[in-house]
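Here the structure is laid out as structure tokens; the discussion comes afterwards.
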Amino acid sequence: MSRKLLEVENLQAFYDLSHVLQGVSISVMEGTVLSVLGRNGAGKTTLLNSIMAVLKKREGRILYAGKEIQSLPAYKIASLGIAYVPETRGIFPSLTVKENLEIAARKSVGTTNRETWNLDRVYQLFPQLKDRAQNGGAQLSGGEQQMLSIARALMTNPDLLILDEPTEGLAPRIVQEIESFLTELKKEGLTMLLVEQNLSFATSLADQIAVLGKGQIKWVGSPQQFMKEMEIQHTWLGV
Amino acid sequence: MKKMYFLLMVALSSLFLLTPIHAAEPVKVGMILPYSGVYAGLGKEITRAFELGLEVFGDEVNGRKIVLVQEDTEGKPNSGLSKTKKLIFSDKVDVLVGPVSSGVLAAMRDTVHNSKTPFVIANAGHDGISGAKCSPWIVRTSFSNRQVVRPMGKWMYDNGYRKVYLMAPDYAAGHQMMDHFKAGFKEAGGTIIGEEYPPLQGTKDFGPYLAKVKEAKPDALFVFFAGGPAIQFVKSFGAFGLGNTIPLAGAGWLTSPLYIKAQGEGANNIIGSANYIPSIDNAANKAYQDAFKAKHKREGSEFAVQGYDSARVIVEALKAVNGDTSDKKAFMDAIRAVTFDGPRGKMRFDSKNGNIIQNIYVYKNSKTNGVIAPSVFDVIKDVQDPSDSCTM
Amino acid sequence: MLKAEVLRKSYGSLLVANDVSLQLEKGERRAVIGPNGAGKTTFFNLLTGEIKADSGRVIIDGMDVSGQSSDARARAGLGRSFQKNNLFTDLSVIDNLSTASAVAARLGKVFWKPFSAFREIREDAENLAEMVNLTEVLDTPVRNLSYGHQRQLEVGLALATKPKVLMLDEPTSGMSPEETKVMLDLIISLPQSLTILIIEHDMDVVFGVTEKITVLDYGSVLIEGSVEEVRNSQVVRKRYLGDAKA
Amino acid sequence: MYSDPTFLVIQTLNGLQLAMLLFLLSVGLSVVFGLMNIVNLAHGTLYMFGAYFGIWVYNLTESFWAALALAPLGVMLLGMFFYEILIKKLRNAPPLQQVLVTFGLIFVGLDAVRMSWGNLATSIPKPEIFSGSVLIFGEIYPSYRLFIIGLGILVMLVLYFCLERTRVGSIIRAGVDDREMVSCLGINVDLAFFGVFCIGCYLAGLSGVVAGAVFPVEPGMDMSVLILTLIVVVVGGLGSLKGAVVGSLMIGLAETYGQVFIPEYASVTIYALMAIILLKRPGGLFPARAVQ
Amino acid sequence: MKKLFTLDRFVALFLIALSLLLSESVEYYGQELIAEITILAIFAMSLDLLVGYAGLVSLGHAAFLGIGSYATGILTVQYGWEMFPTMLISIALAGLVSALVGIFVVRLEGIFFIMITLAVSQMFHAYFLKNREFGGDDGMPGIQRLDLEAFGLTVFDPADFAKFTLIVAVLVYIGLDLLMSSPFGRYLIGIHQNENRMRSLGVPVEQYKLAIFIIAGMVAGLSGSLQAQHTGFVSPDAMFWTVSGVVLIMVIAGGTGSLVGAVVGAVIVRLLSHQISSLTEHWMLFMGLFFIAIVLFASDGIYGTFAKYCRRSRWWKSAGNSSD
């Protein structure tokens, strides 16, 4: 029934001459959430940038819904139904909140019959954004920026949502809010690939955990198993 | 990469190729003119007419063929000088013809003078060359700036213009033109009520200047513009409606036949002084215009006639010395002695300074059959360059 | 040795440094930690003068450098490494280091004597290379260097000017555990008299280098104290360690 | 006489018409330069081709409007051609190489024009309805100049509308902020920027035709406007519509007022103005991206 | 330890030897051309100091050449000075003016530096164009040459004048080469490579940029003085921005940052345009294609690419020059 929506096979990635990813393989099942954990510098962001072709110097295979995408440019990858919420949030400061959302609006390309995301629905989910609709992207607080970034990703009606440390630098109250949004989305059956440092956040949302260290996948398993693996936690996450 | 090295060697060894061939049979005429840059059109025009002149007056004297060596001054003094040296010392030309711009002429002058190379100036109007900077090796078939405009000052006063506004580009020739017009005009009793000198390069708009002229309400506006700026100026003058209120007068080049079509209605009714206009009525001019039209399908301009006459001067001088240019002094004397009735009427060189003595034509543009063209309004005969600062 | 007094900086309505103060004694080692976007690097840049503070003072070794440019502050004794490698990429390791050594020796006004004639500069640079474990790649151009080596060189350049205060901005970021270990040893081995201020995410490195930590959050100091104090602080656990159950 | 209000109005109109011509020319260069990081010194060449294509079309059709409609399209095609064969390859080349290549293009373009249309200066006749004059406070003023001002304002408004009110405009603004993020939203941002490049070429051609009825059309006309355009671009700041508008207004008016009030220094007014502005604001007045 | 004979110096030596040889063997015009190109090469080297070593792309460098020329012309023709002190004063004056300009402009970057230098030079150009005392746009003729009888050179003999300019060029090259090999030069290389890093190491970057701006201005002034002596006149055209533009093109075409590259660029571009313009009036077309070809096929410039190839090639390495 469930299939592999995203598959990464033996991915190698480079920044200049440094070999950041050294053969990473992961897969995300449709309708599930995969959390990739790892320390700073483990290569988490590089992994996501490689998938999205933001980083072009890479080797290996990346498949989306069974189709090879590693040689496609970023915009084509995104238009297959992948949405990216980067660590930097990528809000466009010269655009208003509304424009930030509208620019991304696109019909779903997937086969699932989820309810379509549009401006109204996004505003329902994030009422703060509606209040701030005419504000410039630069005038938002960190939490609002994060919400806008997620909301904007939703406007593309994705089948796969990729999030890079969505809780980073946010106050606990906001982290909780975001957690509840994402849980909501998960219930709707949206597939997610989540990169996190925040263990509690990651484990509560994920169906599966992968631990990235030294540019390689060190451990894969369920959240329940992960909580027991103190050794893994210590060695690769420094907790 | 071997290619690159090869290229370097070729470039360097091409220095060797500059070794000149010894002056053999043909008479070499060095055409030192702009073939690129702003004045490229004039350089070509003079060259074409010079070639036409050789066809008409003969390109062979006593078995010696006359050949042209063209070098591009780019209208820049430095390039002009460098090319002049090439023509004199490398090509060993017998005579130089050119240049268009006074700046290049000023740069060339000492080299020509010191190397004792016969030099026929075919356009540049730099006053100094027939003044303090004159040389026994230089004659001018074209004009000196003051020669063209000074008589016009008197003429305009005599014809009822008392208060005149002046405008010319802000460079030496522009100021020379205006200064001499002013001298002639004031001598006659007129008053200058305003002067404007827009920058030579990049005057993007004459509107501001024209508005000032309009405010001053002169009897006439006297200007000197040539080439592209002349088109722009005349069009703006018309567009601002000054044509109906203020008479426009200028030194001849203002409505040159090369540009008059592009100037449109604005060119109508302009008066000017020139050393040549195409409609001068004499046999030599008719022959010249017929020949030029047959070859180039349009009227020959005042620039062309200077090239044409320069060719005639050289051919006749060569005939006088039987094609022998080995005695440069004798050849130069022969050049200076040439006199003929040409398209511009009777012409001869001023023994004092080598400048041409010629008629200055006062013309007026008018529209006949939908075509605007100048016609002769008045003739000021045998005008000399009035300078006496030349001591040869 | 280094004193920052109520440094404040804002971009429009965005306050990136909210009255940050800090005092380091000679030989003291201090880590600045905090979540991404907490304003750590901004704080560094305010100290070094790369960003001009709206208000507040910076004092280096008793000298008020508040209004001064970054190069003047460097001459006053601040040496820094950057979070993102900031090297002379077309030059070799030795040329990188010797350039920095020449700056330290204030040779810039010497224009009559070949640079290669300054043996002592070369020796300085070689010593530095040894200090930061780059001896075996001395003649390699920086752009052909491994990332870890580049990070080491980054620290080497900061050390070359013989600073009074060494400021390290995430010296181990992006490094493998082995490389991190090398870097940690390197930092530990630095002379005890050197005052060090370090931004670091890797807690092992932080705990390895220093006893005292300043936690920044939202551009202001959340808490300042010993490793133990910070470790046990509920505020910090909540904010920074993400309330992890560990 | 300089205090006469009518005189001032007339001179301000003169300044405005120059400003609008400069605006048409510089907005494209500013965008290409500021947003695509292409140092296109051959922008003036496109302007020159606009004028010559205009003359070509005019000679065939006897219609100014046909020239105005077709010539800019021709220039756009020319620009696209050079983009495809040359500029694209150099998108990420060091600026000095771009300088050399576009300088090469200037040389090639200049001789291409000379070979095709000769060396002599010429001009495009004004359209019939704008060939006359109108009365402004009792002063005769050329109506074509008002046409230029109107066209400039129209283009300004259209560009403003497209940039601020359409999705493509949002994409371009967003692309300036964060190009990669736009791609990650599934939008082909390179295509959008290529469109911007084409519009820049189109406007350069348009200004060539429009200017060809006022200024002489001659080989070398490219170089004189190139400098003026670059001045507008750096004064306004790279890559922003606002910068291009403000820059061209400042330079256009400064040039005109300079000629009127300080004719002695007319040739240096704008250079001096630029120098002062750059010393105060080293990145120009309204750059699209903050200068690092 | 650096090699004494780097590739740059080797090629420089080769060029000088070739020119000296040629100055004896070619005829009058060739000698004139050698002098002309040598002066141009000095000017190109001075611009390379800015472009290739300090990363300051100037489009107004001709202003300093012009100031050197005008100072030489004004002092000798109008004030009757001796040529030797005039040359020194010309150089000093060019340095002084570049100091005054440099104080304001060196903190600008990229296109903004380009445009402000252009603006400054256009203002100088406008001044000399207008100033009728110094000849306006016709310029000032009648400039003599430095008397070198004492060294057995007759400067009116073009071969001797060519030799004189070559000797000056050699001295300039040696001087600048030494300067660039000195710690000062190393600072500049560091600034060009990574300005921010130099700043954080404690280098007052602007002061060094100003210093090199002044030195480049002085060398340009020297070349201007030589040019005035060679051509015998000076006109405002010498400081028009296109002159700066053409020399900038020469420096880029030759390859920046090696001094020799600038020289090679000046020699090749000048010779090519000279030769082609004698053959066809459409020489600009060929030069344009040549420039485009350089970028496409020799992106480091003619000499830069040549040097890169040489350094990789076996014979150069086998000659024991593995790292220079």
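Top to bottom, those sequences are chains X, Y, U, H and L.
Residue numbers 1 to 239, in our numbering, belong to the letters of the first sequence in order.
Residue numbers 1 to 392, in our numbering, belong to the letters of the second sequence in order.
Residue numbers 1 to 246, in our numbering, belong to the letters of the third sequence in order.
Residue numbers 1 to 292, in our numbering, belong to the letters of the fourth sequence in order.
Residue numbers 1 to 324, in our numbering, belong to the letters of the fifth sequence in order.
All C-beta atoms, glycine included, are put in the ideal place defined by N, C-alpha and C.
Treat the numbers as computed from the prediction; the structure is a model and nothing was measured.
Rounded C-alpha distance that separates residue i from residue j
i	j	result
U/I187	X/S149	39 Å
L/Q207	L/A71	26 Å
L/G224	L/M198	33 Å
U/G225	X/Q22	39 Å
L/S23	L/A228	20 Å
L/R270	X/A78	53 Å
U/G156	U/E136	14 Å
L/E27	Y/L254	44 Å
X/G137	L/G288	46 Å
Residue-level contact to chain L via CB, residue i, 8 Å cutoff
i	result
Y/I21	Caution is warranted here: a pLDDT of 40 is assigned to Y/I21, below 50, making its placement in the model unreliable, and the coordinate value is therefore given only provisionally. For Y/I21, the answer is no, since every Cβ of chain L falls outside 8 Å of its Cβ.
U/K113	yes
Y/L68	no
H/F7	no
Y/H126	yes
Interface residues of chain X facing residue i [CB-CB closer than 7 Å]
i	result
U/A17	Within 7 Å Cβ-Cβ: nothing; U/A17 doesn't reach chain X, min ~15 Å.
Proximal residues of chain X, C-beta to C-beta of residue i below 8 Å
i	result
U/P141	Those do not exist, as U/P141 stays about 11 Å from chain X at its closest Cβ, beyond 8 Å.
Any chain U beta carbon closer than 8 Å to residue i
i	result
X/R121	no
L/V243	no
X/L58	The sequence shown places Arg at residue 58 of chain X, not Leu. With 8 Å as the cut-off, X/R58 does not count as an interface residue toward chain U.
Within chain L, partners of residue i - CB distance below 9 Å
i	result
H/L230	I111, I114, M115, L118
Buried/exposed call for residue i, threshold 16 Cβ in 10 Å
i	result
X/A151	buried
X/P127	exposed
Y/N78	buried
L/I39	buried
U/T172	buried
Under 7 Å by beta carbon: chain L residues contacting residue i
i	result
H/Q97	V295, S299
Y/N78	T231, D237, A238
U/G108	P183, F184, Y187, V203, Y208
CB contact below 8 Å: residue i versus chain H
i	result
Y/A304	no
X/S71	no
Y/F240	yes
Residue i at chain Y interface by Cβ criterion, 8 Å
i	result
H/E218	yes
L/D324	For L/D324, the predicted structure reports a pLDDT of 43, less than 50, and the residue's modelled location is therefore unreliable. The matter cannot be settled from this model.
H/V260	yes
Within chain U, the residues that residue i reaches when beta carbons sit closer than 9 Å
i	result
L/L178	F111, W112, K113, P114
Within-8 Å CB hit, residue i to chain X
i	result
U/D185	no
Within chain L, the residues that residue i reaches when beta carbons sit closer than 8 Å
i	result
H/P282	R107, L108, E109, F112
Interface partners of residue i on chain U, CB under 7 Å
i	result
L/R186	T99, A102, F115
Chain Y contact residues for residue i, given Cβ-Cβ distances below 8 Å
i	result
L/P141	A106, A107, R109, D110, K133
Neighbouring residues, chain U, relative to residue i (Cβ below 8 Å)
i	result
L/G66	None at all; the shortest Cβ gap to chain U is about 26 Å.
Practice prompt. Anything in the region 41-61 of chain Y with a Cβ closer than 9 Å to a Cβ of chain H? List those residues in chain order, please.
Written response: The residues in question are G41, L42, G43, K44, E45.
Worksheet item: Given a limit of 8 Å on CB to CB distance, which residues of the region 32-47 of chain L reach chain Y?
Response: Within the region 32-47 of chain L, contact with chain Y at the beta-carbon level (separation under 8 Å) is assigned to E32, L33, I34, E36.
Discussion item. Short of 7 Å Cβ to Cβ, which residues in the region 195-207 of chain L face chain H?
Written reply: The residues in question: there are none.
Practice prompt. Check each residue of the region 242-272 of chain Y: if its Cβ is closer than 9 Å to any Cβ of chain H, include it; give the result in chain order.
Written response: Under the 9 Å Cβ criterion, the region 242-272 of chain Y contributes L242, N244, T245, L258, Y259, K261, A262, Q263, G264, E265.
Worksheet item: the region 177-193 of chain X: which residues have C-beta closer than 8 Å to a C-beta of chain H, in chain order?
Response: Going along the region 177-193 of chain X in chain order, one finds no residue with a Cβ nearer than 8 Å to chain H.
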